[in-house]
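Participant:
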Amino acid sequence: MTVKRKQGAENRVDTNHFEHALVLETARVTEGAALAASRWMGMGDKNAVDGAGTEAMRELLNSLDIRGTVVIGEGEMDEAPMLYIGEKVGQGQYEVDIAVDPVEGTSVTAKGLPNGLAVIALSERGGLMHAPDCYMDKLVVPPPAAGKVNLDWPVEANLNVLAQSLERDVDDLMITILDRERHADLIRRVRAAGARVKLIGDGDVVASLQVGVRGTGVHALMGSGGAPEGVLSAAAMKCLGAEIQGRFIAEDDAMRERFKAMGVDENRVYKTNDLAPGKQMVFSATGITYGELLSGVRRFGGGARTHTLVMGYATRVVRFIDTVHLEDDGARVTIRV
5 MTVKRKQGAE NRVDTNHFEH ALVLETARVT EGAALAASRW MGMGDKNAVD GAGTEAMREL
65 LNSLDIRGTV VIGEGEMDEA PMLYIGEKVG QGQYEVDIAV DPVEGTSVTA KGLPNGLAVI
125 ALSERGGLMH APDCYMDKLV VPPPAAGKVN LDWPVEANLN VLAQSLERDV DDLMITILDR
185 ERHADLIRRV RAAGARVKLI GDGDVVASLQ VGVRGTGVHA LMGSGGAPEG VLSAAAMKCL
245 GAEIQGRFIA EDDAMRERFK AMGVDENRVY KTNDLAPGKQ MVFSATGITY GELLSGVRRF
305 GGGARTHTLV MGYATRVVRF IDTVHLEDDG ARVTIRV
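Heads up, this note's numbering is the position in the sequence shown plus 4, with the first residue counted as 1.
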């Protein structure tokens, strides 16, 4: 925390620098959302999963030392009872914009499938793009390929550049793509170029994280997914030194009018710093169900264990946090790896 001394005034906290104060507190927010949502894991009710995670995240956000505005949330005010776009949370001193996905992968969590996450990003005001709720064509690459690829290029050209950046052949690459009918041609072209394809049912934020963290066996994300998730991914990629490029997709004239009102250009390729321009950035994700990058919530008698990735951009920290939560009075646990 940085303190300024002003003439004739008491020492005041510099609210432009909040990362040191909020990195671990932000991890606590996603941990709480993951713990709440995990109570419904495998129960087959995705609305209950989402409701539990959202309620817990909202309560914890209101406990932070922030004056926050939700810019990426659960929907518009008349569509979402909690964490809607424009909602104000907290009563503290740090003025922040917030992007949330209390449960990324409500369906997979309800079914007990891998890679359900609780996700949040915080920035200074104006540091996260207020993206329309639409599809976005995306390209996510790891740090060695950042600044070298182009969403406007043919798929084959980007695969060649990616392979060269990673000092391997194209047939050594694994590309994650959402398993959707709209991606049939993209999947065919990636495979024809020699790369392998990892198809996923949901969750392109966790897929982006897997691209940004070395050792996951995934080398890029391609295809279209949700634009709000693109902003969350951009916050994470910025902290990791990786890159996302995205183009907003207008499916009808009503969405084009919304683009105009929001200042969005459907022909422009938006890059990491366009989607997440903030100079201060905190990103946190906690696993709800088991995944390749983050373990899910593991429950035991009287408590649970969580696994979280939390990062700060300006502070240049990336932490993996393994936490044991003793929830019941008198709960005891033997700690093990």
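Here a beta-carbon is modelled for each residue, glycine too, at the ideal position from N, C-alpha and C.
These figures come from a predicted structure and were not determined experimentally.
Where do the N-terminal and C-terminal ends of the beta strand (DSSP E) with Ala289 fall, by residue?
Facilitator: Element bounds for Ala289: 285-291.
Participant: On a CA-only basis, which of Ala149, Leu155, Gly334 is nearest Leu143? Give me that one, please.
Facilitator: Checking every option, the nearest Cα to that of Leu143 belongs to Leu155.
Participant: By how many angstroms is the C-alpha of Val286 removed from the C-alpha of Ser169?
Facilitator: Roughly 28 Å between the two C-alpha positions.
Participant: Please list, in chain order, all residues of the same chain as Ala31 whose beta carbon is under 7 Å from its beta carbon, the five residues on each side excluded.
Facilitator: Within the same chain, Ala31 has close Cβ partners Ser288, Thr312, Val314, Ile325.
Participant: Which parts of the stretch 208-277 are runs of the alpha helix (DSSP H), unbroken and 4 residues or longer, counting only runs that do not cross its ends?
Facilitator: Runs of the alpha helix (DSSP H) inside the stretch 208-277: 208-216, 231-244, 257-266.
Participant: Taking the alpha-carbon positions, what's the Tyr274 to Glu35 distance?
Facilitator: Whole-angstrom Cα-Cα distance: 31 Å.
Participant: Is Ala125 helix, strand or coil when you go by DSSP?
Facilitator: In this structure, Ala125 counts as strand in the three-state DSSP scheme.
Participant: To the nearest angstrom, report how far apart Gln284 and Asp256 are at their CA atoms.
Facilitator: Approximately 35 Å between the Cα atoms of the pair.
Participant: Grab me the residues of Val235's own chain with a C-beta within less than 7 Å of its C-beta, minus the 5 sequence neighbours each way, in chain order.
Facilitator: Same-chain partners within the cutoff: Ile76, Ala103, Leu132, Met133, Ala135, Leu279, Ala280.
Participant: Residue ranges of each alpha helix (DSSP H) run of no fewer than 4 residues wholly in the stretch 13-97, ordered along the chain?
Facilitator: Runs of the alpha helix (DSSP H) inside the stretch 13-97: 23-42, 50-65.
Participant: Quick one, which of Gly316, Tyr317, Gly306 has its alpha-carbon nearest Glu331's?
Facilitator: That would be Gly306, whose Cα lies nearest to the Cα of Glu331.
Participant: Whose CA, out of Val123, Arg71, Ile248, Ala238, lies closest to the CA of Asp54?
Facilitator: It is Val123 whose Cα lies nearest to the Cα of Asp54.
Participant: Considering Lys142, what are the terminal residues of the beta strand (DSSP E) in which it resides?
Facilitator: Unbroken beta strand (DSSP E) run through Lys142: 139-145.
Participant: Taking only the alpha-carbon atoms, compute the straight-line gap between Ala167 and Asp176 and give it to the nearest angstrom.
Facilitator: Distance between the alpha carbons of Ala167 and Asp176: 8 Å.
Participant: So, using beta-carbon positions, are Asp69 and Tyr88 closer together than 7 Å?
Facilitator: No, the Cβ-Cβ distance between Asp69 and Tyr88 is not below 7 Å.
Participant: Would you check if there are 3 or more beta carbon pairs closer than 8 Å linking the stretch 185-195 to the stretch 204-223?
Facilitator: No, the stretch 185-195 does not touch the stretch 204-223.
Participant: For Gly205, I'd like the list of residues in its chain whose CB is within less than 8 Å of its CB, leaving aside the five on either flank, ordered along the chain.
Facilitator: Excluding residues within five positions, the ones whose Cβ falls inside 8 Å are Ser111, Val112, Leu117, Leu182, Asp183.
Participant: Could you name the residues that DSSP lists as bridge partners for Ala150?
Facilitator: None; Ala150 has no bridge partner.
Participant: Under the criterion of a Cβ to heavy atom distance below 6 Å, does Val107 qualify as lining the ligand HEM?
Facilitator: Absence of the ligand HEM from the depicted structure is noted, as is the absence of any ligand whatsoever, leaving it without description.
Participant: By DSSP, does Arg186 sit in helix, in strand, or in coil?
Facilitator: Of the three classes helix, strand and coil, the one that applies to Arg186 here is helix, per DSSP.
Participant: Let me know if Arg336 comes out buried or exposed under the rule of 16 or more other beta-carbons within 10 Å of its beta-carbon.
Facilitator: Exposed is the call here.
Participant: Less than 7 Å between the beta carbons of Asp141 and Arg272, yes or no?
Facilitator: Cβ atoms of Asp141 and Arg272: not closer than 7 Å.
Participant: Using CA atoms only, rank isn't needed, just tell me which of Lys202, His21, Gly207, Arg320 is closest to Cys243.
Facilitator: Comparing Cα-Cα distances from Cys243 to each of Lys202, His21, Gly207, Arg320, the minimum goes to Arg320.
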